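Enquirer:
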Amino acid sequence: MALAYALCFGATLWVAYHGHLPTWFQRIPNYDKPAHLILYAIATYLGHRCLNHRHVRLSRWLNGRGSRYQLPLFPLLFTLFTIVEELSQGASPHRTLDALDLVCSLAGVGLGYGLAQRSPQKPTRKGQ
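Quick note: the sequence shown uses our numbering, first residue -19, plus one each step.
1. Could you check which residue in 76, 55 and 22 has the C-alpha nearest to that of residue -13?
2. Return the chain-ordered list of same chain residues with a C-beta closer than 8 Å to the C-beta of residue 107, the five sequence neighbours on each side being excluded.
3. Compute the beta-carbon to beta-carbon distance between residue 17 and residue 87, rounded to the nearest angstrom, for a pair I have assumed lies under 8 Å.
4. In the DSSP assignment, the alpha helix (DSSP H) including residue 97 goes from what residue to what residue?
5. Which residue comes first and which comes last in the beta strand (DSSP E) that contains residue 51?
6. How far does the beta strand (DSSP E) with residue 110 in it extend, from its first residue to its last?
7. Just checking residue 75 against the ligand NAD - is the residue's beta carbon closer than 7 Å to any of the ligand's heavy atoms?
8. Label residue 80 either buried or exposed according to how many other C-beta atoms from any shown protein chain fall within 10 Å of its C-beta, with 16 as the threshold for buried.
In structure tokens:
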């Protein structure tokens, strides 16, 4: 299911970057804001679940000592992707750089992460 959604997400980006979104979307005021929230929430939810809620310890980059501070791996990587993708819209003739789009996308990442954290983890074998 996550792979199918990733393909749909990628296709949506491709269609948007090539200016082929359906014209009826444009009749809806601010249609892209809820779309950013929903698309990014679903992607984060599925991605975080697929990686079985994996987190990375901050100590690896900060001071090398043991640290209890951790960041969720998929939401972290997807947040970086989201920022780069939104900034790259400024170079596209069919997209516009919009800070509110970025806010809605990041809110979607947060929402998807929160929902995924509430779901049960898959059991893992010891040593993984």
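From the three backbone atoms N, C-alpha and C, an ideal C-beta is built for every residue, glycine too.
Bear in mind that the values here come from a model prediction, so they are computed numbers and not experimental data.
Expert: Checking against the coordinates, here is how it stands:
1. Position 7 of the sequence shown, counting from 1, holds the residue named residue -13. Selected option, being the one with the closest Cα: 22.
2. Residue 107 sits at position 127 when you count from the first residue of the sequence shown. In this predicted model, residue 107 has a pLDDT of only 47, less than 50, meaning its place in the structure is not dependable; the value taken from the coordinates is given anyway. Same-chain partners within the cutoff: there are none.
3. On the sequence shown, position 37 is the one that residue 17 refers to. On the sequence shown, position 107 is the one that residue 87 refers to. For a cut-off of 8 Å, the C-beta gap from residue 17 to residue 87 is around 6 Å, short enough to register as a contact.
4. Counting from one through the sequence shown, the residue named residue 97 turns up at place 117. From DSSP, the alpha helix (DSSP H) with residue 97 extends over 79 to 98.
5. Working through the sequence shown from its first residue, we reach residue 51 at position 71. Its beta strand (DSSP E) spans residues 50 to 52.
6. There is no way to answer for residue 110, as the model of the chain reaches only from -19 to 108.
7. Looking for the ligand NAD in the displayed structure turns up nothing, as the structure carries no ligands at all.
8. Here residue 80 corresponds to residue number 100 of the sequence shown, with the count starting at 1. Using a 10 angstroms sphere on the CB of residue 80, the tally of other CB atoms stays under 16, which defines it as exposed.
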